[in-house]
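Each remark here refers to the structure printed beneath this line.
Protein chains: 2
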Amino acid sequence: MVKVLIYEDNPQLREGLTMLIDGTEGFQVMGAFKNCNNITYEVGAYKPNVILMDIDMPGINGLEGLKIVRKQNTEVSILMLTVFDDNKNIFEALQNGANGYILKKTPPAKLLEYLLEASTGGAPMTATVAAQVLKMFSLINIPANNDYHLSGREKQVLQFLVKGYSYKMIAAEMFIAMDTVRSHIKKIYEKLHVNSKSEAVAKAFRDRIV
Amino acid sequence: MVKVLIYEDNPQLREGLTMLIDGTEGFQVMGAFKNCNNITYEVGAYKPNVILMDIDMPGINGLEGLKIVRKQNTEVSILMLTVFDDNKNIFEALQNGANGYILKKTPPAKLLEYLLEASTGGAPMTATVAAQVLKMFSLINIPANNDYHLSGREKQVLQFLVKGYSYKMIAAEMFIAMDTVRSHIKKIYEKLHVNSKSEAVAKAFRDRIV
DNA sequence: GTACATTTCACCTATATATGTGATTGAATG
DNA sequence: CATTCAATCACATATATAGGTGAAATGTAC
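First to last, the sequence lines map onto chains A and B. Here the numbering used here is used: position 135 in the first sequence is 135, and no number is missing along the way. Convert by adding 210 to the 1-based position in the second sequence; the result is the number in the numbering used here.
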């Protein structure tokens, strides 16, 4: 039996969802509320498997409700429910531990399917939402393939710079003279188009040379 | 009409998929191949809407095939097909521009649904895959909540340090004396437990203070 | 109203860093 | 075999940075 809590301010939709879900074999609606004001208590008392959470609600809204619940409970699946598939809310919700993100226009059969998926550990998302997430995902991990043609020794020196080593320490670590370290660093600055240690470090981080 | 290309080394599965998809109203299989050796030509010639791509194939495998196609063509939807839902392949595929990732055990009806979603710009994923992606997603964006209790002015100074500004430049930017900049920086070093500019910069990047 | 943190500035000194100008060796490239 | 590049070292100088000590003005919190 999948136990469901519903948070939705629109009375018609709240009633409709309750009827649909509670009337379906294998599902039980434990409660339906118009805001998250008592969500901590309600989640504790009803121990739902899945929470259907509207985002736009007066009072404590869905995103805040999500955060409140996640502070205490990382078990319950939380499906965000919204009219738009706007990026900002999607990412904030997903970063705060939402398990899925579905649109209100999702047809009833799909909705029940998603609830079931969520209750068994899946992450239901409408395809358009998933596409946005993936796009974001691929943007994040661009390997920033800037190749500055650093030589082997130069790369080593840069590693030490990033670790915060002084020229003297680097010389000791690499068993070379401090002047040699210096000349490597001069080369590095040329190649990275910088002219100080901290700029080189920053560039190393930004371009993921480290 | 959704035009499909199939890459799958197992002859039975390849035939089965072809029959299923080609036999469905609205879908047409333009070709089915046992490896990606000629994928550049095939994609150019058949101009598919969706590619079903097995990951484990002898010769040029699915991940390599994906990369090859994406070098030329960012339009076609590519659905990765695999027996496991192992993390490594999932993320490598998604980072390289795959549009979805589905398991071979996906039932035929679902598969067709996913193909249709993919052809219209969606990103179909089985719920378990989506869950893994989301988990990764929330791990990536941990705000690295290290709070070093930097004051407002100290934060500003740190921003400038990260940009590679010298003390003198920071003083000019902030309309304060260089000695003041120094004293802020001294405080910053105390709070971050470092003792040089480049260490501070590195820490700022690592802990996402910037 | 006192304790505390923030922001501001000053002065001194030692060390680190940046820049310039060489030079030698060895390996790789053509 | 000449050229180029990487790696090594040297010396000189100017500027930047780090560390120490102190102090005044402001605002906040208890």
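Cβ atoms here follow ideal geometry from the backbone N, Cα and C, with glycine treated the same way.
Beta-bridge partners of residue i, as assigned by DSSP
i	result
residue 250 of chain B	For residue 250 of chain B, which the question treats as bridged, DSSP gives no partner whatsoever.
residue 375 of chain B	DSSP output for residue 375 of chain B lists no bridge partner at all.
residue 207 of chain A	Note: residue 207 of chain A sits in no beta bridge, so no partner.
residue 217 of chain B	B/243, B/263
residue 311 of chain B	B/290, B/335
residue 237 of chain B	B/212
Test item: CB-CB of residue i and residue j under 8 Å
i	j	result
residue 81 of chain A	residue 52 of chain A	yes
residue 45 of chain A	residue 8 of chain A	no
residue 115 of chain A	residue 29 of chain A	no
residue 98 of chain A	residue 78 of chain A	yes
residue 43 of chain A	residue 10 of chain A	no
Cβ distance (whole Å) where residue i is taken to contact residue j below 8 Å
i	j	result
residue 230 of chain B	residue 318 of chain B	5 Å
residue 130 of chain A	residue 335 of chain B	6 Å
residue 372 of chain B	residue 414 of chain B	5 Å
residue 216 of chain B	residue 228 of chain B	6 Å
residue 262 of chain A	residue 61 of chain A	Lying outside 1 to 210, the shown extent of chain A, residue 262 of chain A is not represented and no answer is given.
residue 148 of chain A	residue 192 of chain A	6 Å
residue 197 of chain A	residue 408 of chain B	5 Å
residue 89 of chain A	residue 63 of chain A	7 Å
residue 83 of chain A	residue 110 of chain A	The pair is not a contact, with the Cβ atoms about 16 Å apart (cut-off 8 Å).
Distance between residue j and residue i (C-alpha atoms, nearest Å)
i	j	result
residue 417 of chain B	residue 206 of chain A	13 Å
residue 389 of chain B	residue 379 of chain B	12 Å
residue 2 of chain A	residue 361 of chain B	48 Å
residue 397 of chain B	residue 201 of chain A	21 Å
residue 36 of chain A	residue 249 of chain B	53 Å
residue 331 of chain B	residue 232 of chain B	21 Å
residue 382 of chain B	residue 257 of chain B	59 Å
residue 189 of chain B	residue 312 of chain B	Residue numbering for chain B in the displayed model covers 211 to 420; residue 189 of chain B lies beyond these limits and cannot be assessed.
residue 285 of chain B	residue 329 of chain B	10 Å
residue 15 of chain A	residue 34 of chain A	11 Å
residue 301 of chain B	residue 106 of chain A	28 Å
residue 59 of chain A	residue 71 of chain A	19 Å
residue 386 of chain B	residue 400 of chain B	21 Å
residue 377 of chain B	residue 391 of chain B	6 Å
residue 363 of chain B	residue 310 of chain B	46 Å
residue 333 of chain B	residue 369 of chain B	38 Å
residue 327 of chain B	residue 41 of chain A	40 Å
residue 27 of chain A	residue 209 of chain A	52 Å
residue 384 of chain B	residue 395 of chain B	13 Å
residue 195 of chain A	residue 65 of chain A	49 Å
residue 96 of chain A	residue 306 of chain B	26 Å
### Query
Just by C-beta distance, which residues in the stretch 409-420 of chain B are closer than 9 Å to chain A?
Flagged, chain order: 409, 410, 411, 412, 413, 414, 415, 416, 420.
### Task
Using a Cβ-Cβ cut-off of less than 8 Å, list which residues of the stretch 370-384 of chain B approach chain A; keep chain order.
If the cut-off is 8 Å between Cβ atoms, the stretch 370-384 of chain B has 371, 372, 373, 374, 376 near chain A.
### Query
Looking at chain B, which residues of the stretch 178-198 of chain A have a Cβ within less than 8 Å of any of its Cβ atoms?
194, 196, 197, 198: these are the residues of the stretch 178-198 of chain A whose beta carbon lies less than 8 Å from some beta carbon of chain B, given in chain order.
### Task
Return the residues of the stretch 112-124 of chain A that lie within a Cβ-Cβ distance of less than 7 Å from chain B, sorted by chain order.
The stretch 112-124 of chain A vs chain B, Cβ under 7 Å: 117, 121, 122, 123, 124.
### Residues of the stretch 14-38 of chain A whose Cβ lies closer than 7 Å to any Cβ of chain B, in chain order
So the list is empty, because no residue satisfies the distance condition.
### Message
So if I threshold CB-CB distances at 9 Å, which residues from the stretch 76-100 of chain A count as touching chain B?
### Response
Contact residues of the stretch 76-100 of chain A toward chain B are 91, 94, 95, 96, 97, 98, 99, 100 (C-beta to C-beta distance below 9 Å).
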